[in-house]
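K.L.:
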Amino acid sequence: MDLILILNQVLILFIIMLIGYVAGKAGVIDPTASKKLSGVMLYVTSPMLVLKSFFITFTTERLINVFWMMGMALFMYLLSIWLSRLIYGRFSEEAAPILRFSAVFSNCGYMGLPIMYALYGDDGVFYGSFYIVAFNIILWTYGYVMFGGRGTKREIVAKVFANPCIVAVYVGMIIFIFHIPIPEPVESAVTIVGDMTMPISMLIIGAVISSAKLKDIFSDWRVYLSSFVRLILMPLIALALTRIPGIPPTPAAVLITALAMPVGANTTVFAEMFDKDAVFASKCVSVSTLLSIITIPAIVSLI
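In terms of the working numbering, the sequence shown has 77 at position 54, counting the first letter as 1, and numbering is strictly consecutive.
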């Protein structure tokens, strides 16, 4: 377990968040700019991040493990959706969507992939990419509808499946299945734009936090419940499920590690985009990210 790596990843996130906080206080990233940045992230950089996860090759030997990872990831998402409704069902209409979202979606990409690479090498990134595919499918269906779905069911479904991130999944699957070679300039451009997602998301979080009092961030008991569910409950459930004999060890370890990540930055971005309580969402992200310095090494040590 590389504790220094985890500390470095968390520190990077907080430094970028701090820059966003200062920019928010200075009025450089005001509410209008924050909302515009959220749109850039959700509709431009995030689709590129999804697409680049398909620019990988795999052997026939790995194919079964890929299907296992996708199946288990989707199963854990469905289970976490059910548990989030059970745990947060009686919370206020303002807080419940954010708390449910925080229970389902971890920071498995921006923070998770570097840690997976350090712990499990190239296989960690390979299987982690398929977990992120499942993440984006659920994010842009369940998450999108929960936060901003309007209109008839047909309109909502059409809106979801025409979303840029889902379109990126369609394109990526074609590239992946048919082994279509990607020119290096195209791959580099997609990677560069996709990599913008993490800094933009943390800048948005910092800017939103700048509108709240720091004392209020750590005095809200709900953020600690959110952190417990996200950082401890969900990965421990996955750990128990993967103790069954015959489970492939590396994909299982990647699954648990992805679930051990803090609340996803998209929690704040979605709240900002759809006029929910973005300040409370940022509290959940900030506190869980800080606490993850302790919980991630503890969870991974149990694998």
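Even glycine gets a Cβ: it sits at the ideal position worked out from N, Cα and C.
Counting Cβ pairs, one atom from each stretch, are 3 or more of them under 8 Å apart for the segment 38–54 and the segment 211–225?
P.N.:
With a cut-off of 8 Å, the segment 211–225 and the segment 38–54 count as touching, because enough Cβ pairs lie within range.
K.L.:
Please tell me whether residue 157 and residue 97 are closer than 8 Å, where the distance is taken between their beta carbons.
P.N.:
Here residue 157 is taken as the residue at index 134 of the sequence shown, counted from 1. Here residue 97 is taken as the residue at index 74 of the sequence shown, counted from 1. Closer than 8 Å, so yes.
K.L.:
Can you give the Cα-Cα distance for residue 248 and residue 209, rounded to whole angstroms?
P.N.:
Residue 248 sits at position 225 when you count from the first residue of the sequence shown. Residue 209 sits at position 186 when you count from the first residue of the sequence shown. Cα to Cα, the separation comes out at about 43 Å.
K.L.:
From the DSSP secondary-structure annotation, give me the bridge partner or partners of residue 209.
P.N.:
Counted from its first residue, the sequence shown places residue 209 at position 186. Answer is none; residue 209 lacks a bridge partner.
K.L.:
Return the residue from the list 74, 58, 32 that minimises the CA-CA distance to residue 211.
P.N.:
Here residue 211 refers to the residue found at position 188 of the sequence shown. The shortest Cα separation from residue 211 among 74, 58, 32 belongs to 74.
K.L.:
Would a check of beta-carbon distances place residue 266 closer than 8 Å to chain B?
P.N.:
Of the protein chains in the structure, only one exists, and it is not chain B.
K.L.:
Could you check the C-alpha separation between residue 102 and residue 80 for me, to the nearest Å?
P.N.:
By one-based count along the sequence shown, residue 102 stands at place 79. By one-based count along the sequence shown, residue 80 stands at place 57. Cα-Cα distance, rounded: 30 Å.
K.L.:
With distances taken Cα to Cα, identify the nearest neighbour of residue 87 among 120, 270, 237, 145.
P.N.:
Within the sequence shown, the letter at position 64 stands for residue 87. With distances taken between Cα atoms, residue 87 lies closest to 270.
K.L.:
Looking at residue 196: is its Cβ nearer than 8 Å to the Cβ of residue 77?
P.N.:
What you label residue 196 is simply residue 173 of the sequence shown in a count that begins at 1. What you label residue 77 is simply residue 54 of the sequence shown in a count that begins at 1. Against a cut-off of 8 Å, the Cβ pair of residue 77 and residue 196 comes out as a contact.
K.L.:
For residue 189, which option in 170, 95, 155 has the closest C-alpha, if you only look at C-alpha atoms?
P.N.:
In the sequence shown, residue 189 corresponds to position 166, counting from 1. It is 155 whose Cα lies nearest to the Cα of residue 189.
K.L.:
Compare the Cα-Cα distances from residue 232 to each of 300, 125, 139 and report the closest residue.
P.N.:
Stepping through the sequence shown from its first residue, residue 232 is reached at position 209. Closest by alpha carbon: 300.
K.L.:
Run the proximity test for residue 235: is its beta-carbon closer than 7 Å to any non-hydrogen atom belonging to the ligand FAD?
P.N.:
Ligands in the displayed structure: none, and consequently the ligand FAD is not present.
K.L.:
So which of 30, 72, 318 has the shortest CA-CA distance to residue 216?
P.N.:
The sequence position of residue 216 within the sequence shown is 193, counting from 1. With distances taken between Cα atoms, residue 216 lies closest to 72.
K.L.:
From which residue to which residue does the alpha helix (DSSP H) around residue 159 run?
P.N.:
The residue you call residue 159 lines up with position 136 of the sequence shown. Counting along the chain, the alpha helix (DSSP H) containing residue 159 begins and ends at 135–161.
K.L.:
Would you decide whether residue 304 is buried or exposed? Buried here means 16 or more other CB atoms lie within 10 Å of its CB.
P.N.:
Working through the sequence shown from its first residue, we reach residue 304 at position 281. Label assigned to residue 304: buried.
K.L.:
Just the C-alpha distance for residue 344 and residue 177, rounded to the nearest angstrom, thanks.
P.N.:
Nothing in the structure corresponds to residue 344, since the chain is present only between 24 and 326.
K.L.:
Can you give me the C-alpha to C-alpha distance between residue 252 and residue 307, rounded to a whole angstrom?
P.N.:
Looking up residue 252 in the sequence shown gives position 229. Looking up residue 307 in the sequence shown gives position 284. Using only the alpha carbons, I get a separation of about 11 Å.
K.L.:
How would you call residue 49, buried or exposed, if buried means at least 16 neighbouring beta carbons within 10 angstroms?
P.N.:
Here residue 49 corresponds to residue number 26 of the sequence shown, with the count starting at 1. Result: exposed.
K.L.:
Sort 91, 55, 138, 52 by Cα distance to residue 31 and report the nearest one.
P.N.:
Here the question's residue 31 lines up with position 8 in the sequence shown. The shortest Cα separation from residue 31 among 91, 55, 138, 52 belongs to 138.
K.L.:
With a threshold of 16 other CB atoms inside 10 Å of the CB of residue 324, please say whether the residue is buried or exposed.
P.N.:
Within the sequence shown, residue 324 is the residue found at index 301, counting from 1. Classification for residue 324: exposed.
K.L.:
Quick one: Cα of residue 319 to Cα of residue 135, how far?
P.N.:
By one-based count along the sequence shown, residue 319 stands at place 296. By one-based count along the sequence shown, residue 135 stands at place 112. Using only the alpha carbons, I get a separation of about 10 Å.
K.L.:
Output yes or no for whether 8 Å exceeds the beta carbon distance between residue 282 and residue 257.
P.N.:
Translated into the one-based positions of the sequence shown, residue 282 becomes position 259. Translated into the one-based positions of the sequence shown, residue 257 becomes position 234. Yes; because the gap between Cβ atoms is below 8 Å, this pair is in contact.
K.L.:
Give me the Cα-Cα distance between residue 326 and residue 60, rounded to the nearest whole angstrom.
P.N.:
Working through the sequence shown from its first residue, we reach residue 326 at position 303. Working through the sequence shown from its first residue, we reach residue 60 at position 37. Looking at the two C-alpha atoms, the distance is approximately 38 Å.
K.L.:
Give me the Cβ distance between residue 285 and residue 242, rounded to the nearest whole Å; I'm assuming they're in contact under 8 Å.
P.N.:
Position 262 of the sequence shown, counted from the first residue, corresponds to residue 285. Position 219 of the sequence shown, counted from the first residue, corresponds to residue 242. The Cβ separation is near 19 Å, so there is no contact.
K.L.:
At the level of alpha carbons, what is the spacing between residue 58 and residue 296?
P.N.:
Here residue 58 refers to the residue found at position 35 when the sequence shown is read from its first residue. Here residue 296 refers to the residue found at position 273 when the sequence shown is read from its first residue. Between residue 58 and residue 296, the C-alpha separation is close to 6 Å.
K.L.:
Would you identify the three-state DSSP class for residue 286, choosing helix, strand or coil?
P.N.:
Position 263 of the sequence shown holds residue 286. Residue state, collapsed to three classes: strand.
K.L.:
Could you say which of 64, 168, 205, 246 lies nearest to residue 118 if we only look at CA atoms?
P.N.:
Counted from its first residue, the sequence shown places residue 118 at position 95. Comparing Cα positions, the closest option is 246.
K.L.:
According to DSSP, is residue 107 helix, strand or coil?
P.N.:
The residue you call residue 107 lines up with position 84 of the sequence shown. Note: residue 107 maps to helix in three-state DSSP.
K.L.:
Alpha carbon to alpha carbon, how far is residue 202 from residue 161?
P.N.:
Indexing the sequence shown from 1 puts residue 202 at position 179. Indexing the sequence shown from 1 puts residue 161 at position 138. Going by the C-alpha atoms only, they are around 25 Å apart.
K.L.:
Give me the Cα-Cα distance between residue 84 and residue 273, rounded to the nearest whole angstrom.
P.N.:
Here residue 84 refers to the residue found at position 61 when the sequence shown is read from its first residue. Here residue 273 refers to the residue found at position 250 when the sequence shown is read from its first residue. About 13 Å.
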